[in-house]
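Structure first, commentary second.
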Amino acid sequence: MAANIQAYLENIRKPWGQIYYDILFDQLQDIKGKQVLDFGSGFGLVANHLAQDNQVLAVEPNEEMVALRAQEHSYQQLVGSLDQLASLEDASFDVILCHNVLEYVEDRKLVLEEFTRLLKPDGLLSIVKHNEVGRVLQTVVFEDDTQKALDLLAGQDLETHSMGLAQAYDLDRAVEDLALEVQAYQGIRVFYALQDNRFKGQEGWRESMLKMELAVCQESPYRDIAFFQHYTLKRS
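Counting in the numbering used here, the sequence shown runs from 2 upward without gaps.
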């Protein structure tokens, strides 16, 4: 299935799409006064948020997504992928973001090698990735699709509603032999994807669910069953 950009945009405008960014922005709140690269920047929501306190360069290969970003923004936008990374100088960034991107690329190792080159010593890499356990839980509980869940357990890729096939990967294996070390990880979407959407339009839902998600996002076993896991890696 090809990416359906309009469907993706409409989804992130829903309460269950907005709360993802509420959680993520809280987890990124300590990034201030940094040189930041946002790779796979999409509609620029994270780049625009971080640009309030940082110098941000955003790179996105999909021209349609770039065209749909907010007209007012305070970050630099490039259209491209590995080609744009290759044009940047070594050790240029304090922080690199790569959120829900590596599931959709074939040259995952090449991208991570470029991140390693571009990070300053002790620089940080922020990766948000799909978690297999969380994907299976959502498929059984929210989607009520046990056959799809069994297919996931058997190793099949998950076809998302708008962005095509998302290929699961092991982060430790992906950064093997690279000067990147996992420092910590947090959960995103522990609970809210398990609820029926009819609850999510109710007054106060977003605020109360955000408190719940933030209360457990750094705690096991909750972060271990989240749909997304947010990893922080350090450049050694």
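Backbone N, C-alpha and C define an ideal beta-carbon position, used for all residues, glycine too.
8 Å Cβ cutoff met for residue i and residue j
i           : j           : result
residue 189 : residue 24  : yes
residue 112 : residue 83  : yes
residue 191 : residue 223 : yes
residue 152 : residue 124 : no
residue 54  : residue 47  : no
residue 6   : residue 61  : no
residue 239 : residue 234 : Within the shown structure, residues of the chain are numbered from 2 to 237, placing residue 239 beyond reach of any answer.
First through last residue of the beta strand (DSSP E) which encompasses residue i
i           : result
residue 231 : 229-236
residue 31  : Premise fails: residue 31 is in no beta strand (DSSP E) and is neither H nor E.
residue 77  : 77-80
residue 74  : It is not in any beta strand (DSSP E) - residue 74 carries neither H nor E in the DSSP assignment.
residue 130 : 120-131
residue 157 : No beta strand (DSSP E) contains residue 157, which DSSP labels as neither H nor E.
residue 184 : 181-189
Buried versus exposed, by CB contacts within 10 Å (16 or more), residue i
i           : result
residue 209 : exposed
residue 26  : exposed
residue 139 : buried
residue 88  : exposed
residue 33  : exposed
residue 102 : buried
residue 198 : exposed
residue 1   : Nothing in the structure corresponds to residue 1, since the chain is present only between 2 and 237.
residue 200 : exposed
residue 43  : buried
residue 71  : exposed
residue 187 : buried
residue 115 : buried
residue 262 : Beyond the ends of the chain as shown, which are 2 and 237, falls residue 262; an answer cannot be given.
residue 81  : exposed
residue 221 : exposed
residue 240 : There is simply no residue 240 to check, as the chain begins at 2 and stops at 237 in what is shown.
residue 205 : exposed
Neighbourhood of residue i by C-beta, 8 Å cutoff - its chain only, sequence neighbours within 5 removed
i           : result
residue 180 : 117, 236 and 237
residue 154 : 137
Own chain residues within Cβ distance below 6 Å of residue i, not counting five before or after
i           : result
residue 92  : 121
residue 52  : 75 and 76
residue 2   : For residue 2, the predicted model reports a pLDDT of 40, less than 50, meaning its position is unreliable; a value from the coordinates is still stated below. Within the same chain, residue 2 has close Cβ partners 160 and 165.
residue 146 : 140
residue 229 : 129, 189 and 190
residue 56  : 36
residue 156 : none
residue 100 : 129
CB contact check: residue i to chain D, cutoff 8 Å
i           : result
residue 183 : No chain D appears in this structure, which consists of one protein chain only.
Same chain, Cβ closer than 7 Å to residue i, five either side skipped, listed in chain order
i           : result
residue 193 : 17, 20, 210 and 214
residue 226 : 134, 135, 138 and 191
residue 142 : 195
residue 149 : 140
Range of the contiguous alpha helix (DSSP H) that encloses residue i
i           : result
residue 6   : 6-13
residue 214 : 206-217
residue 175 : 172-175
residue 52  : It is not in any alpha helix (DSSP H) - residue 52 carries neither H nor E in the DSSP assignment.
Cβ-heavy atom distance, residue i to the ligand MG, below 7 Å
i           : result
residue 114 : By its list of ligands, the structure shown contains no ligand whatsoever, and the ligand MG lies outside what it can speak to.
Three or more beta-carbon pairs under 8 Å between the region 100-117 and the region 64-80, yes or no? no
Can you find at least 3 beta carbon pairs, one from the region 6-24 and one from the region 203-220, that sit closer than 8 Å? yes
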